[in-house]
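K.L.:
Chains A and B are the protein sequences, given in the same order. Take -16 as the starting number for the first sequence in the working numbering and just add one per residue. Take -16 as the starting number for the second sequence in the working numbering and just add one per residue.
There are 2 protein chains.
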Amino acid sequence: MQVSCYDCKLRAYGLFKRISAEELDSIREIKREHLQLPAGSEIIRIGDAAPEVFTLYAGWAFRYKMLSDGRRQILSFLLPGDLLGLQAAMFDAALFGIEALTDVQLCVLPRKRLWTLFGKMPDLAFDVAWLGSRSESFVDENLTSVGRRTATERVAALIVTLYKRAKALAMVEDETFAFPLTQQHIADALGLSLVHTNKTLARLKRMGMFKQNNGTMTLLNPRILERVAQHFDEEVPMRPLI
Amino acid sequence: MQVSCYDCKLRAYGLFKRISAEELDSIREIKREHLQLPAGSEIIRIGDAAPEVFTLYAGWAFRYKMLSDGRRQILSFLLPGDLLGLQAAMFDAALFGIEALTDVQLCVLPRKRLWTLFGKMPDLAFDVAWLGSRSESFVDENLTSVGRRTATERVAALIVTLYKRAKALAMVEDETFAFPLTQQHIADALGLSLVHTNKTLARLKRMGMFKQNNGTMTLLNPRILERVAQHFDEEVPMRPLI
DNA sequence: CGAAACGTTGATATCCTTCAACATGAGTGG
DNA sequence: CCACTCATGTTGAAGGATATCAACGTTTCG
């Protein structure tokens, strides 16, 4: 399936700013291909030299680091509209891996052409920087969870954050959204053991906070869950403000 | 003391790329003032609307978030040459605070002028994005520490990372460098309690890894300390590659 | 000199990990 | 269609790493 930049569904969500036809042409010019990969694929491998930049068009992914003895830390989850591999493209080797959590569709943006385009379209440079900043904000929030929240607060905060991100993408209906993470993913994102993650989820479920059904998550009490999470007042913006 | 961009000491470290006189003029044009603040100053307050962007010219600072009940998470430490507040300037409110750890000197870069300059100097846009990516990489590493390393590994990893960053700035002599963090800062960066941080530092000191003298840190065995830390093979670049 | 910030140390409590076993479901080959 | 395996989820018990509490020591600085 070939998707054109002209009718990119992502733009429909107000995810990108209104742009001129001319600007759109420029973007379309750098987009090389539209990739489709199955769940579990390694999109960027740790140590990869000079990977390209991607826009995640559909599906979920996650960014992670590994210690030499196999311990894994998930740094952030990636949803449609997120930019993948910007950091990696800046350096000469990827410092982290990116793996597809579900089947994914990617728009490939060859980095050389991207840098060139910065000259012609300063607004694009701003947008890329904006997406990069937003991505760092998510890591900041996760770090705060892992460093200073209890297990229950961490799990609650993760679910609330993913719920809000999904909602901004119109992926939530009746407080229900696709939730492709396994308990191992949650554990590795929150710095918890698998067993404790399981027990914590069970506790929140018993408290009536949510229920899960074949790959979906339904929040039964988003307000309370947000309080349990000790969620921040200041929130990461979901889309450009301009 | 007024410092001119033309003889900026930071450039001497190869921290910035060689740039033309014309480019330098452009940068100097956006730099508004050179600020001096004492240790403990709040450089950016959480929730601040539309803060400016700063270059940390001299001194140390740290970026942090707080939970409503007072728990604090330090997200990253900032050394000379780092850009402060890029994220905050992108959004309409700062999601984190920045506090001076020592007396600091800041170059103020009014954000409007900075965005304008992106159009004239795409290379500058790239550099700003590069600094942003590097900053995110440090958060990534810290998150991996807090999530997946033991207390001893965390403390070792933090010391090694700061040592390497200081070294890249020519701030290390005889394995000795200024170390302005209190144990409370270390604890808040690593997601540990103050008491446990103290005992962990004592253990590493007893192991002969380092010694501290009125505000300085001396590494007695950097190699071993790096192994204790389970330090990554792939390292965050210290300066632009181009 | 006194106060406040910072550092040190031992005892006790607890959250979370590890270990071990079993349950469930999907996919696969016989 | 069944047996098998592999990934995932669940549960109880025990141990350990880290937190909390409390007290005291040390340094700095007005």
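A virtual CB, placed ideally from N, CA and C, is assigned to each residue, including glycine. Predicted, not measured: the structure shown is a model, and the values here were computed from it.
Tell me which same chain residues have a C-beta within less than 8 Å of the C-beta of B:Ala149, skipping the five on either side of it?
P.N.:
Here residue 149 of chain B refers to the residue found at position 166 when the second sequence is read from its first residue. The residues are Leu62, Val155, Phe160, Ala161.
K.L.:
Tell me where the alpha helix (DSSP H) around B:Val178 begins and ends.
P.N.:
The count along the second sequence starts at 1 and reaches residue 178 of chain B at position 195. It spans 177 to 189 - the alpha helix (DSSP H) in which B:Val178 sits, taken as one unbroken run.
K.L.:
Report yes if the C-beta distance between B:Leu78 and B:Ile142 is below 8 Å; otherwise report no.
P.N.:
Numbered from its first residue, the second sequence carries residue 78 of chain B at position 95. Numbered from its first residue, the second sequence carries residue 142 of chain B at position 159. Result no, Cβ atoms of B:Leu78 and B:Ile142 do not sit closer than 8 Å.
K.L.:
Which stretch, first to last residue, makes up the alpha helix (DSSP H) that contains B:Ile29?
P.N.:
As a working mapping, residue 29 of chain B is identified with position 46 in the second sequence. B:Ile29 -> no alpha helix (DSSP H), and no H or E assigned at all.
K.L.:
Spatial neighbours of A:Asp171 within its chain, please: C-beta separation below 6 Å, excluding the five flanking residues on both sides.
P.N.:
In the first sequence, residue 171 of chain A corresponds to position 188, counting from 1. The residues are Arg55, Ile57.
K.L.:
Taking Cβ-Cβ distances shorter than 7 Å, what residues in chain B pair up with A:Leu58?
P.N.:
Walking along the first sequence from the start, residue 58 of chain A turns up at place 75. In chain order: Asp123, Leu126.
K.L.:
Near A:Gln166, what residues of its chain come up, given a Cβ to Cβ distance below 8 Å and the 5 sequence neighbours on each side ignored?
P.N.:
The residue labelled residue 166 of chain A in the question sits at position 183 within the first sequence. For A:Gln166, where only same-chain residues beyond five positions count, the Cβ hits under 8 Å are Leu177, Thr180, Asn181, Leu184.
K.L.:
What is the DSSP secondary structure of A:His168, reduced to helix, strand or coil?
P.N.:
The sequence position of residue 168 of chain A within the first sequence is 185, counting from 1. Looking at A:His168 - three-state DSSP - the assignment turns out to be helix.
K.L.:
Among B:Ala72, B:Trp43, B:Ser24, which residue has its Cα nearest to the Cα of B:Val111?
P.N.:
For this step, residue 111 of chain B is matched to residue 128 along the second sequence. Ranking the options by Cα distance to B:Val111, first place goes to B:Ala72.
K.L.:
Along the chain, where does the alpha helix (DSSP H) containing A:Tyr146 start, and where does it finish?
P.N.:
By one-based count along the first sequence, residue 146 of chain A stands at place 163. Here the alpha helix (DSSP H) through A:Tyr146 covers 134 to 151.
K.L.:
Could you tell me which residues DSSP pairs with B:Lys48 in its beta bridges?
P.N.:
Walking along the second sequence from the start, residue 48 of chain B turns up at place 65. B:Lys48 is bridged to B:Gln56.
K.L.:
Is the Cβ of B:Gln213 closer than 8 Å to any Cβ of chain A?
P.N.:
Along the second sequence, read from residue 1 onward, the residue named residue 213 of chain B stands at position 230. Yes, because at least one Cβ of chain A sits closer than 8 Å to the Cβ of B:Gln213.
K.L.:
Roughly how many whole angstroms lie between the Cα atoms of A:Leu224 and B:Thr199?
P.N.:
Position 241 of the first sequence, counting from 1, holds the residue named residue 224 of chain A. Position 216 of the second sequence, counting from 1, holds the residue named residue 199 of chain B. Confidence at A:Leu224 is low in this model, with a pLDDT of 48, below 50, so its placement is unreliable and no value can be given for it.
K.L.:
Let me see if you follow: with CB-CB separation under 8 Å, is A:Asp23 close to chain B or not?
P.N.:
Locating residue 23 of chain A in the first sequence gives position 40, counting from the first residue. The sequence shown places Gly at residue 23 of chain A, rather than the Asp named in the question. No, A:Gly23 does not count as interfacial toward chain B.
K.L.:
Compute the beta-carbon to beta-carbon distance between B:Ala139 and B:Ala212, rounded to the nearest angstrom, for a pair I have assumed lies under 8 Å.
P.N.:
Here residue 139 of chain B is taken as the residue at index 156 of the second sequence, counted from 1. Here residue 212 of chain B is taken as the residue at index 229 of the second sequence, counted from 1. With 8 Å as the limit, B:Ala139 and B:Ala212 qualify as a contact, their Cβ atoms being about 4 Å apart.
K.L.:
Tell me which same chain residues have a C-beta within less than 8 Å of the C-beta of B:Gly115, skipping the five on either side of it?
P.N.:
On the second sequence, position 132 is the one that residue 115 of chain B refers to. Taken in chain order, the residues that qualify are Leu66, Leu69, Gln70.
K.L.:
Please report the distance separating the alpha-carbon of B:Leu97 from that of B:Phe193.
P.N.:
As a working mapping, residue 97 of chain B is identified with position 114 in the second sequence. As a working mapping, residue 193 of chain B is identified with position 210 in the second sequence. B:Leu97 and B:Phe193: Cα-Cα distance of roughly 42 Å.
K.L.:
Span of the beta strand (DSSP E) holding A:Met154?
P.N.:
Start at 1 with the first residue of the first sequence, and residue 154 of chain A comes out as number 171. From DSSP, A:Met154 is part of no beta strand (DSSP E); its letter is neither H nor E.
K.L.:
Does DSSP put A:Ala83 in a helix, a strand or coil?
P.N.:
Here residue 83 of chain A refers to the residue found at position 100 of the first sequence. In this structure, A:Ala83 counts as strand in the three-state DSSP scheme.
K.L.:
Skipping 5 residues on each side, what residues in its chain have a beta carbon closer than 6 Å to that of B:Asp31?
P.N.:
Stepping through the second sequence from its first residue, residue 31 of chain B is reached at position 48. Within the same chain, B:Asp31 has close Cβ partners Ala77.
K.L.:
Can you name the start and end residues of the beta strand (DSSP E) that B:Ala161 belongs to?
P.N.:
On the second sequence, position 178 is the one that residue 161 of chain B refers to. Unbroken beta strand (DSSP E) run through B:Ala161: 159 to 161.
K.L.:
Given a cut-off of 8 Å, decide if B:Glu16 and B:Gly45 are closer than it, judged by their beta-carbon atoms.
P.N.:
Taking the second sequence and counting its residues from 1, one reaches residue 45 of chain B at position 62. Taking the second sequence and counting its residues from 1, one reaches residue 16 of chain B at position 33. Note that residue 45 of chain B is Phe in the sequence shown here, rather than Gly. No.
K.L.:
Could you give the distance in angstroms between the alpha-carbon of B:Phe121 and the alpha-carbon of A:Glu119?
P.N.:
Within the second sequence, numbered from 1, the residue matching residue 121 of chain B stands at position 138. Within the first sequence, numbered from 1, the residue matching residue 119 of chain A stands at position 136. If I take the Cα positions, the gap works out to 10 Å.
K.L.:
Which residue marks the beginning of the alpha helix (DSSP H) containing A:Phe109, and which one marks its end?
P.N.:
The residue you call residue 109 of chain A lines up with position 126 of the first sequence. 105 to 131 is the span of the alpha helix (DSSP H), which, as asked, contains A:Phe109.
K.L.:
Would B:Gly80 and A:Gly130 be called neighbours here (beta carbons separated by less than 8 Å)?
P.N.:
Residue numbering aside, residue 80 of chain B sits at position 97 when the second sequence is read from its first letter. Residue numbering aside, residue 130 of chain A sits at position 147 when the first sequence is read from its first letter. Going by C-beta atoms, B:Gly80 is not nearer than 8 Å to A:Gly130.
K.L.:
Which residues, in chain order, does the segment 74 to 95 of chain A contribute to contact with chain B at a C-beta distance below 7 Å?
P.N.:
If the cut-off is 7 Å between Cβ atoms, the segment 74 to 95 of chain A has Phe74, Asp75, Ala76, Leu78, Phe79 near chain B.
K.L.:
With 8 Å set as the bound, which would you pick, yes or no: does the beta-carbon of A:Leu203 sit closer than that to a beta-carbon of chain B?
P.N.:
Reading the first sequence from its first residue, position 220 is the one you call residue 203 of chain A. Taking Cβ atoms only, chain B never reaches closer than 8 Å to A:Leu203, which makes this a no.
K.L.:
Under 8 Å by Cβ, that's how I've got B:Gly42 and B:Thr85 pegged, so tell me the actual separation to the nearest angstrom.
P.N.:
Stepping through the second sequence from its first residue, residue 42 of chain B is reached at position 59. Stepping through the second sequence from its first residue, residue 85 of chain B is reached at position 102. With a Cβ gap of about 4 Å, B:Gly42 and B:Thr85 count as contacting.
K.L.:
Is B:Arg131 close to chain A, meaning its C-beta is less than 8 Å from at least one C-beta of that chain?
P.N.:
Counting from one through the second sequence, the residue named residue 131 of chain B turns up at place 148. So, interface residue.
K.L.:
Tell me, please, which residues DSSP counts as bridged to B:Thr99.
P.N.:
Counting from one through the second sequence, the residue named residue 99 of chain B turns up at place 116. DSSP output for B:Thr99 lists no bridge partner at all.
K.L.:
Check the Cβ-Cβ distances between A:Trp98 and every residue of chain B, and say whether any is below 8 Å.
P.N.:
Position 115 of the first sequence, counting from 1, holds the residue named residue 98 of chain A. Yes, A:Trp98 lies at the interface with chain B (some Cβ there is under 8 Å from its Cβ).
K.L.:
Anything in chain B within Cβ reach of A:Lys48, meaning under 7 Å, just list it in chain order.
P.N.:
Sequence index remark: in the first sequence, residue 48 of chain A carries index 65 (1-based). Under the 7 Å cutoff, chain B gives Asp123, Thr127.
K.L.:
Is B:Ala4 buried or exposed, if buried means 16 or more other CB atoms sit within 10 Å of its CB?
P.N.:
Stepping through the second sequence from its first residue, residue 4 of chain B is reached at position 21. Label assigned to B:Ala4: exposed.
K.L.:
Note down, in chain order, every chain B residue with its Cβ under 9 Å from the Cβ of A:Phe109.
P.N.:
Walking along the first sequence from the start, residue 109 of chain A turns up at place 126. Per Cβ cutoff of 9 Å: Met73, Trp98, Phe101, Ala108.
K.L.:
Give me the Cα-Cα distance between A:Asp127 and B:Arg28, rounded to the nearest whole angstrom.
P.N.:
To locate residue 127 of chain A, count along the first sequence from 1; it is residue 144. To locate residue 28 of chain B, count along the second sequence from 1; it is residue 45. Looking at the sequence provided, one finds Thr at residue 127 of chain A rather than Asp. The straight-line gap from Cα to Cα measures roughly 17 Å.
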